[in-house]
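Q:
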Amino acid sequence: MAAKKLSDQEISQALQGLPEWRVENEKLHRDFKFPDFAHAFGFMTASAIQIEKRNHHPEWLNVYNRVCVELTTHDAGGITQKDIELATMLDQMAAKLSR
């Protein structure tokens, strides 16, 4: 069953629980910042395992200590609950690695 694109209201409501995320170019967007490259790369590596299990992959870019993430569900033509769930998982992963 295909994921359903969320309404602007549903996205706004979901973002209340994801304060670091915003909508940019019709995608969920967040910039993560880590102490150095090793931490940024470690975040991507640890997250990749969970991402692969979900079979829902982010658009992301790493430059030194930053990881820029954009989430959208291409099949649905926009942001879906899958993206909200992935954003939540990425926040949790970043928090674990920051301890």
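To get the working numbering, take the position in the sequence shown, counting from 1, and add 90.
Ideal Cβ positions, reconstructed from N, Cα and C, are used throughout, including at glycine.
Could you check whether residue 176 and residue 161 sit closer than 8 Å to each other, using their CB atoms as the reference points?
A: By one-based count along the sequence shown, residue 161 stands at place 71. By one-based count along the sequence shown, residue 176 stands at place 86. Cβ atoms of residue 161 and residue 176: closer than 8 Å.
Q: Return the first residue and the last residue of the alpha helix (DSSP H) that residue 175 is part of.
A: Taking the sequence shown and counting its residues from 1, the one referred to as residue 175 is at position 85. Its alpha helix (DSSP H) spans residues 171–187.
Q: Given 7 Å as the limit, tell me if residue 111 has its C-beta closer than that to any heavy atom belonging to the ligand SAH.
A: As for the ligand SAH, it is missing from this structure, which has no ligand bound.
Q: Please state if the CB of residue 124 and the CB of residue 155 are separated by a distance shorter than 8 Å.
A: The residue given as residue 155 occupies position 65 in the sequence shown. The residue given as residue 124 occupies position 34 in the sequence shown. Result yes, Cβ atoms of residue 155 and residue 124 sit closer than 8 Å.
Q: Span of the alpha helix (DSSP H) holding residue 98?
A: Position 8 of the sequence shown, counting from 1, holds the residue named residue 98. 98–105 is the span of the alpha helix (DSSP H), which, as asked, contains residue 98.
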